[in-house]
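Protein chains in written order, with my numbering: chain A, 4 to 144; chain B, 4 to 144. Glycine included, every Cβ here is placed at the ideal spot set by N, Cα and C. Source: prediction; values computed, not measured. Encoded as structure tokens, the structure appears first; notes follow it.
2 protein chains.
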Amino acid sequence: MKETEKFKLGESLPLAQVLDGLPYNSDGLIPAVSQQFDTGEVLMMAWMNRVALEETLQRNRVCYWSRSRQKLWRKGESSGQIQILKEMSFDCDGDTILLKVDQTGPACHTGRRSCFYNVVRGDRVEVASEALIDPEQLYGK
Amino acid sequence: MKETEKFKLGESLPLAQVLDGLPYNSDGLIPAVSQQFDTGEVLMMAWMNRVALEETLQRNRVCYWSRSRQKLWRKGESSGQIQILKEMSFDCDGDTILLKVDQTGPACHTGRRSCFYNVVRGDRVEVASEALIDPEQLYGK
């Protein structure tokens, strides 16, 4: 993405050229942060590869790469809690993706709205939110 | 952080225990996303090690680990554009940090407020913001 550093407002590059040139790590992945588009709440961080990126842009539904399962992870495919893509952006060096999304229900596998519920308060780390839905119900166990 | 998954609202762990148990990568690092605390704007992503985490919490000024320079990076030490820490949280598996901060001026080395200025629009990636300050002025070149 270095070539856009000195671009003026509204100057652009072809999407395909940008996707080709991203600094994927040795596993072909880039971290993606998702944020609820209207409230600004940061929901989660996960990973995308080139295929996940393209599918997400084509369908406007967020698809990650699951490192634990080593396969495409269509967010919500088992929980029903999908992310509709509102806007995708890349940072100055192209090594992080920001996804503005409309998240249905909880983003977190624990049933909480956001994964960032462990908050530092003095010399303790405190759980700052409760599950919206019981995770056992979320995954139909 | 797995042990807090089933914690109720307000239950907590000692901070030192959490910092000891974070899943640092093979370089001892964890990604940290920073967000302007009042507007919700996502500013940048960088990396922290254990020392950077502790310094940030002690001083309430954000300190990262610079992978390119291989040293502590006290955000703003050369540009003057500091980040005051408002809140730090960890995600469900502890492998990402969210920093709510009060960012002075631009967070990005290009002089833009946020690093996420390369926005996908159709089949183009368009620069969606301008520098607040000329980067040559920012770094006194």
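Between A:R115 and chain B, is the shortest Cβ-Cβ distance under 9 angstroms, so that the two count as touching? For the purposes of this step, residue 115 of chain A is taken as the residue at position 112 of the first sequence. By this cut-off, A:R115 is an interface position.
List the residues that DSSP assigns as beta-bridge partners of B:N121. If you number the second sequence from 1, residue 121 of chain B lands on position 118. Answer is A:F93, B:V130, bridged to B:N121.
What separation, rounded to the nearest whole angstrom, lies between the Cα atoms of A:C95 and B:F119? The count along the first sequence starts at 1 and reaches residue 95 of chain A at position 92. The count along the second sequence starts at 1 and reaches residue 119 of chain B at position 116. Taking the straight line from one Cα to the other gives about 6 angstroms.
CA-to-CA distance, B:V65 to B:K74, given in whole angstroms: The sequence position of residue 74 of chain B within the second sequence is 71, counting from 1. The sequence position of residue 65 of chain B within the second sequence is 62, counting from 1. Their Cα atoms are separated by approximately 14 angstroms.
Within 10 angstroms of the Cβ of A:V130, are there 16 or more other Cβ atoms? Answer buried if so, exposed if not. Here residue 130 of chain A refers to the residue found at position 127 of the first sequence. The residue in question, A:V130, is buried, as its Cβ has 16 or more Cβ neighbours within 10 Å.
Assuming A:S92 and B:V54 form a contact by the criterion Cβ under 8 angstroms, report the distance between their Cβ atoms to the nearest whole angstrom. Numbered from its first residue, the first sequence carries residue 92 of chain A at position 89. Numbered from its first residue, the second sequence carries residue 54 of chain B at position 51. With 8 angstroms as the limit, A:S92 and B:V54 do not qualify as a contact, their Cβ atoms being about 31 angstroms apart.
Along the chain, where does the alpha helix (DSSP H) that runs through A:P138 open and close? Walking along the first sequence from the start, residue 138 of chain A turns up at place 135. For A:P138, the enclosing alpha helix (DSSP H) has its first and last residue at 138-141.
Reduced DSSP category for A:A35 - H, G, I as helix; E, B as strand; rest coil: Here residue 35 of chain A corresponds to residue number 32 of the first sequence, with the count starting at 1. The answer is strand: DSSP assigns A:A35 an E or B state.
Residue nearest to B:S82 in terms of C-alpha spacing, selected from B:Q39, B:E139, B:L102, B:A19: Within the second sequence, residue 82 of chain B is the residue found at index 79, counting from 1. The shortest Cα separation from B:S82 among B:Q39, B:E139, B:L102, B:A19 belongs to B:E139.
The stretch 44-54 of chain B / the stretch 105-112 of chain B touching (three or more Cβ pairs under 8 angstroms): Result yes; three or more Cβ-Cβ pairs closer than 8 angstroms.
So if I threshold CB-CB distances at 8 angstroms, which residues from the stretch 21-45 of chain B count as touching chain A? Against chain A - using a Cβ distance shorter than 8 angstroms - the residues of the stretch 21-45 of chain B are V21, P34, V36, Q38, T42, G43, E44, V45.
How big is the Cα-Cα spacing for A:G125 and B:N63? Reading the first sequence from its first residue, position 122 is the one you call residue 125 of chain A. Reading the second sequence from its first residue, position 60 is the one you call residue 63 of chain B. C-alpha separation (whole angstroms): 12 angstroms.
Exposure of B:N121, with buried meaning 16 or more beta-carbon neighbours within 10 Å: The residue given as residue 121 of chain B occupies position 118 in the second sequence. Burial call: buried.
Could you check how far apart the C-beta atoms of A:V36 and B:V128 are, in whole angstroms? I think they sit under 8 angstroms. Residue mapping note: residue 36 of chain A aligns to position 33 of the first sequence, counting from 1. Residue mapping note: residue 128 of chain B aligns to position 125 of the second sequence, counting from 1. Not confirmed; about 17 angstroms, so no contact.
Could you spell out the range, first to last residue, of the alpha helix (DSSP H) harbouring B:K110? The residue labelled residue 110 of chain B in the question sits at position 107 within the second sequence. The question names Lys, but residue 110 of chain B is Ala in the sequence shown. No alpha helix (DSSP H) holds B:A110; DSSP gives it neither H nor E.
Run through chain A and tell me which residues come within less than 8 angstroms of B:C66, C-beta to C-beta. Numbered from 1 along the second sequence, position 63 holds the residue referred to as residue 66 of chain B. Correct list: empty, because the minimum Cβ distance to chain A is about 15 angstroms.
Using only CA atoms, which one of B:G24, B:P34, B:I87, B:I85 lies nearest to B:L101? As a working mapping, residue 101 of chain B is identified with position 98 in the second sequence. Closest in alpha carbon position to B:L101, among B:G24, B:P34, B:I87, B:I85, is B:P34.
Closest by C-alpha distance to B:M51, when choosing among B:L135, B:Q39, B:Q38, B:G31: Translated into the one-based positions of the second sequence, residue 51 of chain B becomes position 48. Of B:L135, B:Q39, B:Q38, B:G31, the smallest CA-CA separation from B:M51 is found for B:G31.
For the beta strand (DSSP E) that contains A:R77, what are its first and last residues? On the first sequence, position 74 is the one that residue 77 of chain A refers to. Segment 74-77, the beta strand (DSSP E) holding A:R77.
Taking B:M4 as the reference, give the member of A:T113, A:Y142, A:D137 with the closest Cα. Counted from its first residue, the second sequence places residue 4 of chain B at position 1. Comparing Cα-Cα distances from B:M4 to each of A:T113, A:Y142, A:D137, the minimum goes to A:T113.
Starting from the Cα of A:Q86, find the closest Cα among A:L25, A:K11, A:Q38, A:K9 and give me that residue. Within the first sequence, numbered from 1, the residue matching residue 86 of chain A stands at position 83. It is A:Q38.
Any Cβ of chain A within less than 9 angstroms of the Cβ of B:Q121? The residue labelled residue 121 of chain B in the question sits at position 118 within the second sequence. Contrary to the premise, residue 121 of chain B reads as Asn rather than Gln in this sequence. At a cut-off of 9 angstroms, the C-beta of B:N121 has a neighbouring C-beta in chain A.
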